[in-house]
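A.B. asks: Have a look at the structure that comes next, please.
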Amino acid sequence: MTRIEQIKTLIADDPRDAMLRFALGNEYFQAGQYAEAIEALNAALAIDPEYAFVYIQLAEAYEKSGQIDLARQTIEAGRGPAARNGDPNLRRQLDEIASRLPR
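Numbers in our numbering are just positions in the sequence shown, counted from 1, shifted up by 1463.
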């Protein structure tokens, strides 16, 4: 059983777990399956819109899939949760992604 299959099994038992959705999105991202990553990460945000780490991974997935406008929108949407999280690294990561997006 792959990691993706394992996480999907866990999600079936607890479909409202944003962390599991994030983990699934991350696995898809690492596998280069950006459309699936985007779907899983958006599901994580639907459950917990304050889950700041998700915005970083989602913006990168949009970037990798060529959806630059959605990457920018995700970065902007993530700035509030990142600031409320209190971790300056989150804001820095969002800024780094924004700086490398084509104009």
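For glycine and all other residues, C-beta sits at the position ideal for the given N, C-alpha and C.
Of the choices ASP1476, LEU1504, ALA1494, whose alpha-carbon is the least far from that of PHE1485?
C.D. replies: Ranking the options by Cα distance to PHE1485, first place goes to LEU1504.
A.B. asks: From this set, THR1472, ASP1511, THR1537, which residue's C-alpha is nearest ALA1561's C-alpha?
C.D. replies: Closest by alpha carbon: THR1537.
A.B. asks: Measuring CB to CB, does GLY1541 end up less than 8 angstroms from ILE1519?
C.D. replies: Contact flag set, yes.
A.B. asks: If I measure Cβ to Cβ from ILE1467 and keep anything under 6 angstroms in the same chain, skipping five residues before and after, which residues do I get?
C.D. replies: If we look at ILE1467 and ignore the five residues flanking it on each side, its Cβ neighbours are GLU1490.
A.B. asks: Can you say whether ALA1494 is buried or exposed, counting buried as having 16 or more other CB atoms within 10 angstroms of its CB?
C.D. replies: ALA1494 should be labelled exposed.
A.B. asks: Helix, strand or coil: which one does DSSP assign to TYR1514?
C.D. replies: In the structure shown, TYR1514 sits in coil (DSSP, three-state: anything other than H, G, I, E or B).
A.B. asks: For the stretch 1494-1543, list the alpha helix (DSSP H) runs that are entirely contained and at least 4 residues long, ordered along the chain.
C.D. replies: Whole alpha helix (DSSP H) segments, 4+ residues: 1497-1510, 1515-1527.
A.B. asks: Looking only at its chain, what residues have a beta carbon closer than 8 angstroms to the beta carbon of GLU1523, apart from the 5 residues adjacent to it on each side?
C.D. replies: Around GLU1523: PHE1492, ALA1534, ILE1560.
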